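Notes for the one structure printed next.
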Amino acid sequence: MADYILIRKTRNAASSAVHILLNLLFGVGSVMITALTSNPTLGLILVALSKWRVFAVRPRYIWTNFKANLLDFIVGASIVLLVYFFGIGSNDILLVDIFMAAFYCAWLILIKPMTSERATLIQAMIGVFLGTSAASIATATTDVTVLVIAAFIIGYSACRHILSQQNDEPTVFATLVMGLIFAEVAWLCHTWLIIYPYLSLGIRIPQLAVILTIFTFVFSSVRREIFLREDEFKFSNVAMPVIFGVVMIAVVLIWFSNPAFNIN
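Heads up, the sequence shown is in this note's numbering, so the first residue is 1 and it goes up one at a time.
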């Protein structure tokens, strides 16, 4: 019996090591192939292929699997797109590419597997920030409809992820409302799209991404209190996160909305 337990532990350790190694190779590979080719196609293909398990089930489960993995796909695709946008005109490995590769590996190995409520909120906020950043930069010169659709999908995915991990069954109404709010905010911001460039690092942060990330935090806090307290819910229970969110968004809109604003 002791030998069986030892063998099983050894196999589990070996399996975990292989899993970590594959994630490292995938995280680094998808970023570096994008940076070196100055083309996001291969990186996006790798991200899509990594989700093969979504379709390796009975047909009736594919849609459910797809929705459950949508946030992870948004993070992966956004990282690839951001690496491409940050490195346009360069076929070299930049400092930002190394940072993005390290972050993607951390996402795959450390952040994504966590299941606590705090981790769930962090995951959703990362998905919103990266997804909105990539969508804003990609659609800066296109029709606003593209950004609105992308924002809707990101909001829908973030809402579903938060509710499902809070043991609050995600309803069609709640997820659609979150998606519509994201789409509306994106539509409003598109007419005055502000992007903060960190020129020394080659990073660009859209104002829309900051606003929607803050909103995601406030939404999660409010929804959690409503779910836990139900009929006993009072605004005082969520006053702090709501005030924090309103103040932060006001600061961003009032003091950081100059179209010539730079962060060096």
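Think of the CB as a built atom: it goes at the ideal place given N, C-alpha and C, for glycine as much as any other residue. Predicted model, so just to flag it, every value in this text is computed and none were measured.
*asked:* Considering only DSSP beta bridges, list what Thr206 is partnered with.
replied: Reading off the sequence, residue 206 comes out as Pro, not Thr. Pro206 pairs with Ile195.
*Among Phe217, Glu232 and Ile79, which has the Cα closest to the Cα of Ile137?*
The residue with the shortest Cα to Cα distance from Ile137 is Ile79.
*Answer yes or no: do Thr34 and Tyr84 have a C-beta to C-beta separation smaller than 8 angstroms?*
yes
*So, helix, strand or coil for Ile254, using DSSP?*
helix
_Test item: CB-CB of Cys189 and Gln165 under 8 angstroms_ = no
*asked:* Can you tell me whether Val238 is helix, strand or coil according to DSSP?
replied: Reduced to three states, the DSSP call for Val238 is coil.
_C-alpha distance - Gly29 paired with Leu121, whole-angstrom precision_ = Distance between the alpha carbons of Gly29 and Leu121: 27 angstroms.
_Expected contact under 8 angstroms - CB spacing of Phe66 and Ser50 to nearest Å_ = 14 angstroms between Cβ atoms; not a contact.
*Mind pulling the alpha helix (DSSP H) runs of 4 or more residues that sit fully within the segment 62–93?*
70–86
*Span of the alpha helix (DSSP H) holding Trp56?*
Note that residue 56 is Ala in the sequence shown here, rather than Trp. No alpha helix (DSSP H) contains Ala56, which DSSP labels as neither H nor E.
*Hey, out of Val57, Ala68 and Phe217, whose CA is closest to Glu117's CA?*
Phe217
_Three-state class that DSSP yields for Ala140 in the structure shown_ = coil
*So, is His161 buried or exposed, given that buried needs 16 or more other C-beta atoms within 10 angstroms?*
buried
_DSSP-derived helix/strand/coil call for Tyr4_ = Since pLDDT at Tyr4 reaches only 44, below the 50 mark, its modelled position is unreliable, and no value is offered.
*Compute the Euclidean distance between the alpha carbons of Ser257 and Ile249, then round it to the nearest angstrom.*
11 angstroms
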